[in-house]
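**Student:** Numbering (this note's numbering), first residue to last: 1 to 459.
Heads up, the beta-carbon is just placed ideally off N, CA and C, and yes, glycines get one too.
This structure is a prediction, so every number in the text was calculated from the model and none was measured.
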Amino acid sequence: MSSRRDRRSGWLVMAALLGSGCSEEPIERTLQIVTGHETDTFSASPAVTKIRIEARTATGTTFAAETTPGGAFDLGEVPEDEPLGVEVTGTTAEGATVVRGRSLTGIVPGAFATVDIPVFVQRVGTWARPPGELARAHVDAPGAVLGERFLVTTGGSAAAGADGAADVRLGDFYDLLGWGPAVTSAMPREARSIVGRIGGMLLVGDAGASAVDTSGASYEVAWPESAGSFAEVAGGLVVESPSGTSFVVGATRAGAATEEVLAVDTSGALSVRKLSAARTGAAAAWAPGVGLVVAGGSATAAGFEVLPENGTAFVARDMPADVTEGAAAVVAGDGKMALVGGIDAGGAPAATRRWSASCTSGCTMEEVAGATLPVGLTRTQAFSLGGSRVFVVGHEATAQKLVRAFVIDLSGPVVEERPLREPRSGATVVAAPNGTLVLLGGALEDGSPARRVETFFPD
1 MSSRRDRRSG WLVMAALLGS GCSEEPIERT LQIVTGHETD TFSASPAVTK IRIEARTATG
61 TTFAAETTPG GAFDLGEVPE DEPLGVEVTG TTAEGATVVR GRSLTGIVPG AFATVDIPVF
121 VQRVGTWARP PGELARAHVD APGAVLGERF LVTTGGSAAA GADGAADVRL GDFYDLLGWG
181 PAVTSAMPRE ARSIVGRIGG MLLVGDAGAS AVDTSGASYE VAWPESAGSF AEVAGGLVVE
241 SPSGTSFVVG ATRAGAATEE VLAVDTSGAL SVRKLSAART GAAAAWAPGV GLVVAGGSAT
301 AAGFEVLPEN GTAFVARDMP ADVTEGAAAV VAGDGKMALV GGIDAGGAPA ATRRWSASCT
361 SGCTMEEVAG ATLPVGLTRT QAFSLGGSRV FVVGHEATAQ KLVRAFVIDL SGPVVEERPL
421 REPRSGATVV AAPNGTLVLL GGALEDGSPA RRVETFFPD
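The structure is reproduced here in structure tokens:
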């Protein structure tokens, strides 16, 4: 089977996926490896000389083939009715992996309406733009994963498409299976936080919350206590726990301090947890074996506090107060956590520090010399890359509020910026189910809507 060159999608490498299910004649489907809006995915230095494609079924059977950029390959008779996942790697003449792509797991070839099954690939360790673009770009909006397939954004301070300004309540999605946009009609409220689930999502706004299922049907959800309201947590970061419970931590947002944390369990039931003290601009993350950790954001409260796994109350730990705002907390190896990004009391970039989240008394943070970011970031999010490496993305604490991204190796230490393909402000970062980080929406430097999606595949 031949390959072809497409200016929009780059090199397309194709493979026959032959269904061996119940039909008498195998159905030939084409695995289409696409490079989206990038044209040098395989040719950039160092160039890719070999591509390996693996399709692994849910039962562990692997179908593999190798080719060169622009070449053809055949995976053989892959069952059309068995879920599988596709992994693509591109290596240099020296054997270094410089290109990767990964589909969602659970792809059923026979369920595709067309014969083409796309898989997006990109250079590792940098941002890339997959095919298509959002119908509308939302600014300063929340984001989430819906149904382990769609990336959703709605709400925010503004929204705009090709035809100009739009209602922020409209929902905009990016489909990680078809690699393109999808839209919905207006949501029941302006969301400031979103809890995503397989079968729907919870939209949390200042005036209340609504549950929306995948068909678009919705109903209003009541605050679970007689006192308090959703306004206390709206805009807060959503932290996921291993048990499937999601926590909307109101204290992570800027503005008025709050002690409220909304818990959403796997059945959708809501409950409230309260911090030991109100905070603003705090960092929050899940620490394995410890629980939900909330740090900084107060000149008087303990430096950090913990909601133990399966616990019902936060416990303040014995550490001096930390006024850092806008930072992120992240697991950083050796059983410790790191506080990265943010600004200090004087408005300067906050120092990068490490501490033990399991500490209960006499706790201190240790500065990692040489690991402080060159610019103060707010609304910072951080993701572990394994070992001592973390990925940090946030908004400049300047009038422009441009999104900046860095990889920090705390053991070096080394700080490396990973510039966006299209500089923008007000964008939303979502951890996608295929192992990438995805940037949605925002506004470009000229003020136009940033409708193209950007993805980051760690190296």
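Can you find the residues in the same chain that come closer than 6 angstroms, C-beta to C-beta, to A405, ignoring five residues on each side of it along the sequence?
**Tutor:** V393 and R418
**Student:** Between the alpha carbons of P26 and V119, how many angstroms are there, rounded?
**Tutor:** Interpretation of P26 is limited by its pLDDT of 48, a score under 50 that renders its predicted location unreliable; no figure is taken from the coordinates.
**Student:** What's the gap between the Cα of G36 and the Cα of G178?
**Tutor:** 12 angstroms
**Student:** Give the list of continuous beta strand (DSSP E) stretches no shorter than 3 residues that lie fully inside the region 312 to 375.
**Tutor:** 325 to 331, 337 to 343 and 353 to 355
**Student:** Count the other CB atoms within 10 Å of the CB of P130; is the residue buried (16 or more) or exposed (fewer)?
**Tutor:** buried
**Student:** Going by other Cβ atoms of all chains shown within 10 Å of its Cβ, with 16 needed for buried, is E367 buried or exposed?
**Tutor:** exposed
**Student:** Give the C-beta separation of V306 and A357 to the nearest angstrom, bearing in mind that I take them to be a contact with Cβ-Cβ under 8 angstroms.
**Tutor:** 7 angstroms
**Student:** Rounded to a whole number of angstroms, what is the C-alpha to C-alpha distance between V233 and A65?
**Tutor:** 49 angstroms
**Student:** Between which two residues does the beta strand (DSSP E) carrying T41 extend?
**Tutor:** Premise fails: T41 is in no beta strand (DSSP E) and is neither H nor E.
**Student:** Given a cut-off of 7 angstroms on the beta-carbon distance, is the pair G291 and D318 in contact?
**Tutor:** no
**Student:** Can you name the residues that DSSP bridges to G180?
**Tutor:** G180 is bridged to D175.
**Student:** For P109 and R102, what's the separation of their Cα atoms in angstroms?
**Tutor:** 15 angstroms
**Student:** Would you say P142 and S193 are within 7 angstroms of each other, going by their C-beta atoms?
**Tutor:** yes
**Student:** Would you decide whether G21 is buried or exposed? Buried here means 16 or more other CB atoms lie within 10 Å of its CB.
**Tutor:** A caution first: G21 carries a pLDDT of 40, below 50, which makes its placement in the model too unreliable to give a value.
**Student:** Assign A327 to one of two classes, buried (16 or more other C-beta atoms within 10 Å of its C-beta) or exposed (fewer than that).
**Tutor:** buried
**Student:** Do the CB positions of F173 and V139 come within less than 7 angstroms of each other?
**Tutor:** no
**Student:** Closer than 8 angstroms is the cut-off here; do at least three beta carbon pairs connect the region 216 to 230 with the region 259 to 278?
**Tutor:** yes
**Student:** Do S425 and D409 have their C-beta atoms within less than 7 angstroms of each other?
**Tutor:** The Cβ-Cβ distance between S425 and D409 does not fall below 7 angstroms.
**Student:** Pull up the distance between the alpha-carbon of R253 and that of T380, whole angstroms please.
**Tutor:** As the crow flies, the alpha-carbon of R253 is around 10 angstroms from that of T380.
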